[in-house]
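The sequence shown begins at 1 in the UniProt record's numbering and counts up by one.
We treat Cβ as the ideally placed atom computed from N, Cα and C, and that holds for glycine.
Shown next, in structure tokens, is the structure this report addresses.
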Amino acid sequence: MEGWYAPGHCFKPFGNCAFGNSTEPYIAAHNPTDGDAMAFGSGVRDGKPIGEPTGSSAVFLVPEGMEKVILFYKERYNNTPIYVAENGYAQASNSSMTTEDFTNDIGRVKYMRGHLTYLASAIRKGADVRGYFVWTLMDSFEWNLGFTQRYGLYHVDFKTLKRTPKLSAKWYRKFLKGSVLRGKTQNELELHEDA
1 MEGWYAPGHC FKPFGNCAFG NSTEPYIAAH NPTDGDAMAF GSGVRDGKPI GEPTGSSAVF
61 LVPEGMEKVI LFYKERYNNT PIYVAENGYA QASNSSMTTE DFTNDIGRVK YMRGHLTYLA
121 SAIRKGADVR GYFVWTLMDS FEWNLGFTQR YGLYHVDFKT LKRTPKLSAK WYRKFLKGSV
181 LRGKTQNELE LHEDA
């Protein structure tokens with residue numbers, strides 16, 4: 001198989017596109033609905049990032065966007081049941097980082113807490129949300145970025161394969177038991193206390 005994204009295709013700047021390019025699969029895959037077209041953008045508005053940056057240049061911390069997108073779908077598609085899949089926070093990864101650096105993932109806790117707060121608001125406003133899935137349980141090989149970004153609730157040491165729960169895993173466990181999603185704001189100390 002050749003190509004980065006589709007068999008026999010490539011996507012500039014990640015190849016010389018000897019077999020064509022992935023423009024048409026990209027257009028088909030990334031514009032299936034008006035909602036995707038509404039949400040897909042550069043992440044920059046008026047020359048400034050739209051939210052707090054994460055370890056991915058394509059993902060910003062904009063939790064209020066969760067409510068806006070869910071309510072858009074509610075109105076646009078007659079409150080069709082919604083399953084939120086692959087909602088995750090990118091944590092940059094490099095060889096100088098320690099397990100402690102990875103497991104103290106306060107940014108991911110803030111991301112999940114914010115998004116779940118606004119998701120709950122959309123549900124209270126009548127959105128038929130039937131499921132929410134965090135991306136992902138464990139750090140994994142990201143299909144086009146390798147091991148350069150970590151999305152997992154559990155840190156994976158890729159040399160030993162040891163798995164260690166991150167702060168976010170502990171926080172999410174408490175959230176699922178109904179004990180941490182309260183109030184409008186929290187500082188970092190309070191995030192640790194919740195986990």
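Suppose the cutoff is 6 Å on Cβ atoms and the five residues either side in sequence are ignored; what does the same chain contact list for residue i look like?
i           : result
Tyr26       : Here Tyr26 scores only 47 on pLDDT, less than 50, and its place in the model should not be relied on; the value that follows carries that caveat. Hits under 6 Å: none found.
Glu67       : Tyr118, Ser121 and Ala122
Gly114      : Pro63
residue 203 : Outside the displayed span of the chain (1 to 195) sits residue 203, for which this structure offers no information.
Would residue i be called buried (16 or more neighbouring beta carbons within 10 Å of its own) or exposed?
i      : result
Met112 : buried
Phe141 : exposed
Tyr73  : buried
Ser179 : exposed
Asn93  : According to the sequence displayed, residue 93 carries Ser and not Asn. Buried: at least 16 other Cβ atoms inside 10 Å.
Leu116 : buried
Ala39  : Any reading at Ala39 must be qualified, since the residue scores a pLDDT of 48, below 50, and its modelled position is unreliable; the value itself is stated next. So Ala39 ends up on the exposed side.
Near residue i, which residues of its chain fall below 7 Å by C-beta distance, leaving aside the five closest residues on each side in sequence?
i      : result
Phe60  : Gly43, Pro49, Ile50, Gly51, Glu52, Pro53 and Thr54
Trp135 : Glu86, Asn87, Gly88 and Tyr151
Ala169 : Leu153 and Tyr154
Under 8 Å, do residue i and residue j count as touching if we go by C-beta distance?
i      : j      : result
Tyr77  : Arg130 : no
Leu167 : Tyr154 : no
Asp157 : Thr99  : yes
Thr164 : Thr103 : yes
Ser57  : Gln149 : no
Can you name the start and end residues of the beta strand (DSSP E) that residue i belongs to?
i      : result
Phe141 : No beta strand (DSSP E) holds Phe141; DSSP gives it neither H nor E.
Phe133 : Val129 to Val134
Ala169 : Ala169 -> not in any beta strand (DSSP E); alpha helix (DSSP H) instead, spanning Leu167 to Leu176.
Val84  : Ile82 to Asn87
Can you tell me where the alpha helix (DSSP H) with residue i in it begins and where it stops?
i      : result
Val109 : Ile106 to Arg124
Val156 : Unbroken run through Val156 is the beta strand (DSSP E), Tyr154 to Val156; no alpha helix (DSSP H).
Tyr73  : Glu64 to Arg76
Thr99  : Thr99 to Thr103
Identify, in the order they occur along the chain, each residue of the same chain with its Cβ nearer than 8 Å to the Cβ of residue i, setting aside the five sequence neighbours on each side.
i      : result
Lys127 : The amino acid at residue 127 is misidentified as Lys; the sequence shows Ala. Answer for Ala127: Ile70, Leu71, Tyr73, Lys74, Asn79 and Ile82, listed in chain order.
Lys162 : Val156
Subject >> At least three beta-carbon pairs within less than 8 Å, the stretch 104-118 to the stretch 82-89 >> reply: A contact exists between the stretch 104-118 and the stretch 82-89.
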